[in-house]
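See structure below.
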Amino acid sequence: MRNKRDVYLDDRPWEEALAELLAHLASLGSLSPGAPEDISVEQALGRVTAEPIFAVNSSPHYHASAMDGIAVDSALTFGASDTSAKHIQLGEKAQVVDTGDPIPAGCDAVIMIEDVHFVEDDVFEITSAAAPWQHVRAIGEDVVATEMILPGNHRIRPMDIGGILAGGVVRVKVHPKPKVALLPTGTELVQPGGELKPGDIVEYNTRVFGAMVESWGGEALRWPITVDNWDKLKDSVQQAVLQADVVVINAGSSAGREDFTAELIRELGTVLTHGAAIKPGKPVILGEVMGKPVIGVPGYPVSAFLTMELFVRPVVYQKLGSIAPLPQTTEAIISRKMPSPMGVEEFIRVKMGQVGEKIIATPISRGAGVIMSLVRADGMLRVPRLSEGFRAGETVKVELMRPLEEVRQTTVVIGSHDMALDILANHLRRKFPEASLSSANVGSLGGLSAIKRGECHCGGTHLLDEDTGDYNVSYIQRLLADRPVVLLNLVYRQQGLMVAKGNPLKIKGLEDLAREGIRFINRQRGAGTRILLDYRLKQLGIDPDSIYGYNREEYTHMSVAAAVASGAADAGLGILAAANALELDFVPVVEERYDLCIPGEYWNTPYIERMLEVIATAEFRQQVEALGGYDLRDCGGVMYRQGV
């Protein structure tokens, strides 16, 4: 086993690194498709043709009637008009036909049955002449024998299958699917579904890779987990190179004690690049062993996904004789300042929705290890290498990760977090499949600020007025004085201290947070929960500086609950539903009102009307109440109007 560190990473532009990889592989002939496969046309969907496909027969292969009617010799109909009807007798040059029937000899046109009037059993009347070959499908109208149906290097679509079969072809030659070996590495990895102990990481990356490879047209070969052992990894790589066209090694690409992927590739073949100027994904390794591309991708899921897209996807497409399609893009307005380090191209996941005439893009978690940032993302924003980021309100180009029309039908909620919004989003999608709800958690004050900037359809808020004890209204009057708004109640909810199961530290209330040895986790500034905490601490005469962890912040109730459940904190203020979700004990502090602040211009739009319809359903209410700690006595009720 080797433990040598390879700590010197390159910092190359990713386009340059990819171009060098492709040129190197092309010089070895490694990007050429393999020997063609002969398959049934019915199995050819999504496959890429290895050679042109020519028709072996014409379609139709006979002159066919295109209508139900009467096939005639068009010369018999000349002179017919509205003022001079013409009578024709059925016979050799006037015969009844149905759609698809062969045109009888001596006939060259079809009169639709709707345009004839039988005056006797075998005599009909017409009032307009038939043009030659009217309503006739001539031989080869669709495809002519020997005509090329599809060129080589064409990805076969559903309609192509019909065209191929119409031309009399039942088997086609296609490029073989490039085999991509996926090697998960790491002693800490465990297969999905098993019992987890501290230090274990579920091995889902190669499942994601496999789905990506299949969507590109390749064949994924997923290897068993290889522990961090030089000889075992070397054996796995050597076997994979023999069996696959492309080898992807997941993890071990960085510069830690057990990150020896680069050294191993270098021993077995060639390392072209170790480190690209991208974020996330910098430690990517581009190499070649025995003429096969061997690519080391980082272990963090977002880094891994991105490097697969940038470096493995082009290789798979070239092995198929194709070019990777460009992503769909749209222009959007950045909702808040987005700094980025100079010298690297950063890829930022964003939530999107159309608010008024603008599509708004709001960045979500930038962490390389947050797979849910990809699940929740509507688009990917690239910050150029020589840029320091974007200003709030700047127009940017975003690569879409879901259809643009779906983005346009999204109700954008920015503000305080509540689990009822997740249930609302689910029921909204079930009741209105064309619509969705996007929730960005920036705190109550952040939500009202987003409304002021015109960046959302509504904002979640639970801001307590210390003077009146009321919620939200005074803040709206102060911060949104010039904006027509409707304040709609969603829920009343229990706020309290979430503590470990059994409450081992016997925490009874907020006053215990100042006890020595109690580790607290807070919400971010501007969050309604943070404002509530500060209000109650002031009432109790407790100095926030006396609370260990007061300045440690999270952005959602579930994140606070997770910190307590993991033992990283002893207590955190949050809602009962979050405590129940992670089986924590709960020390009640107060019932608070959680409202949705809706700009007046959206009150009578589908964005809000659909949401109100869902809120009124028994199914939604029952599911929210089942979470625990919720009271829906005013759910859907208007608590305040301003200028509407």
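Just so you know, we're using the numbering used here here: the sequence shown kicks off at 57 and counts up by one. Built from N, CA and C at the ideal position, the CB exists for glycine as well.
Residue i versus residue j - alpha carbon distance
{"i": "Asn497", "j": "Ile470", "result": "6 Å"}
{"i": "Ser396", "j": "Ile217", "result": "48 Å"}
{"i": "Asn59", "j": "Pro357", "result": "Caution is warranted here: a pLDDT of 48 is assigned to Asn59, below 50, making its placement in the model unreliable, and the coordinate value is therefore given only provisionally. Cα to Cα, the separation comes out at about 24 Å."}
{"i": "Leu376", "j": "Asp690", "result": "59 Å"}
{"i": "Tyr373", "j": "Val153", "result": "50 Å"}
{"i": "Glu681", "j": "Asp687", "result": "7 Å"}
{"i": "Gly446", "j": "Ile341", "result": "Going by the sequence as given, residue 446 is Phe instead of Gly. Phe446 and Ile341: Cα-Cα distance of roughly 29 Å."}
{"i": "Met394", "j": "Met436", "result": "13 Å"}
{"i": "Val547", "j": "Ser429", "result": "27 Å"}
{"i": "Ala637", "j": "Gly623", "result": "16 Å"}
{"i": "Val175", "j": "Gln151", "result": "16 Å"}
{"i": "Leu81", "j": "Thr329", "result": "13 Å"}
{"i": "Pro254", "j": "Gln678", "result": "36 Å"}
{"i": "His473", "j": "His613", "result": "7 Å"}
{"i": "Val166", "j": "Gly409", "result": "54 Å"}
{"i": "Val643", "j": "Gly685", "result": "12 Å"}
{"i": "Ala674", "j": "Asn482", "result": "14 Å"}
{"i": "Ala136", "j": "Glu170", "result": "16 Å"}
{"i": "Met57", "j": "Leu320", "result": "With a pLDDT of only 45 at Met57, under 50, the local geometry of the prediction cannot be trusted, and no value is derived from it."}
{"i": "Leu553", "j": "Leu561", "result": "12 Å"}
{"i": "Pro248", "j": "Lys564", "result": "39 Å"}
{"i": "Phe676", "j": "Pro349", "result": "51 Å"}
{"i": "Arg61", "j": "Ala318", "result": "With a pLDDT of 48 at Arg61, under the threshold of 50, the predicted position of this residue should be treated as unreliable, though the coordinate-derived value follows. Their Cα atoms are separated by approximately 10 Å."}
{"i": "Arg369", "j": "Leu382", "result": "12 Å"}
{"i": "Ala127", "j": "Leu146", "result": "10 Å"}
Residue i vs residue j beta-carbon contact at 8 Å
{"i": "His173", "j": "Glu181", "result": "yes"}
{"i": "Ala230", "j": "Pro92", "result": "Looking at the sequence itself, residue 230 is Val, so the reference to Ala does not match. Yes."}
{"i": "Glu511", "j": "Thr451", "result": "no"}
{"i": "Gly219", "j": "Met168", "result": "no"}
{"i": "Ile671", "j": "Gly656", "result": "no"}
{"i": "Ala222", "j": "Ser115", "result": "yes"}
{"i": "Ala424", "j": "Ser359", "result": "yes"}
{"i": "Ile416", "j": "Val454", "result": "no"}
{"i": "Asn209", "j": "Thr262", "result": "no"}
{"i": "Met398", "j": "Leu442", "result": "yes"}
{"i": "Gly558", "j": "Asp641", "result": "yes"}
{"i": "Val293", "j": "Val236", "result": "no"}
{"i": "Leu544", "j": "Val694", "result": "yes"}
{"i": "Val426", "j": "Thr418", "result": "no"}
{"i": "Ala187", "j": "Ser130", "result": "yes"}
{"i": "Phe316", "j": "Gly325", "result": "no"}
{"i": "Arg579", "j": "Val616", "result": "yes"}
{"i": "Ser121", "j": "Ile95", "result": "no"}
{"i": "Tyr527", "j": "Arg608", "result": "no"}
{"i": "Val304", "j": "Leu238", "result": "yes"}
Exposed unless 16 or more other CB atoms sit within 10 angstroms - verdict on residue i
{"i": "Phe134", "result": "exposed"}
{"i": "Gln551", "result": "buried"}
{"i": "Val179", "result": "exposed"}
{"i": "Tyr118", "result": "exposed"}
{"i": "Val400", "result": "buried"}
{"i": "Lys335", "result": "buried"}
{"i": "Thr585", "result": "buried"}
{"i": "Thr282", "result": "buried"}
{"i": "Lys289", "result": "First, the amino acid is wrong: residue 289 is Leu here, not Lys. So Leu289 counts as buried."}
{"i": "Lys338", "result": "buried"}
{"i": "Ser86", "result": "buried"}
{"i": "Glu148", "result": "exposed"}
{"i": "Met364", "result": "buried"}
{"i": "Thr155", "result": "exposed"}
{"i": "Ser184", "result": "exposed"}
Expected contact under 8 Å - CB spacing of residue i and residue j to nearest Å
{"i": "Leu477", "j": "Gly516", "result": "7 Å"}
{"i": "Cys653", "j": "Gly503", "result": "7 Å"}
{"i": "Leu480", "j": "Met667", "result": "7 Å"}
{"i": "Pro89", "j": "Pro232", "result": "7 Å"}
{"i": "Ile711", "j": "Asp568", "result": "In the structure displayed, the chain extends from 57 to 700; residue 711 sits before or after that span and is not available."}
{"i": "Trp189", "j": "Asp164", "result": "6 Å"}
{"i": "Ile420", "j": "Arg432", "result": "6 Å"}
{"i": "Leu228", "j": "Val112", "result": "The sequence as given places Val at residue 228; Leu does not occur at that position. At roughly 12 Å, the Cβ-Cβ gap does not stay under 8 Å, so Val228 and Val112 are not in contact."}
Check: residue i C-beta below 7 Å from any heavy atom of the ligand FMN
{"i": "Ser472", "result": "Looking for the ligand FMN in the displayed structure turns up nothing, as the structure carries no ligands at all."}
CB contact below 8 Å: residue i versus chain C
{"i": "Ala318", "result": "Here chain C cannot be found, since the structure has a single protein chain."}
| request: Could you tell me which uninterrupted beta strand (DSSP E) segments, each at least 3 residues in length, are contained entirely in the segment 97 to 185, listed from first to last along the chain? | output: 125 to 128, 142 to 145, 150 to 153, 165 to 168, 173 to 176, 179 to 182
| task | May I have a chain-ordered list of the beta strand (DSSP E) segments no shorter than 3 residues that lie completely inside the segment 464 to 549? | result | 466 to 471, 492 to 497, 515 to 517
| query | Where in the segment 586 to 648 do unbroken runs of the alpha helix (DSSP H), each at least 4 residues long, occur, reported from the N-terminal end onward? | reply | 613 to 621, 632 to 637
| query | At what residue ranges does the segment 387 to 422 contain a whole run of the beta strand (DSSP E), taking only runs of 3 or more? | reply | 401 to 411, 414 to 419
| field | Those runs of the alpha helix (DSSP H) which lie wholly inside the segment 190 to 267 and span at least 4 residues | value | 214 to 222
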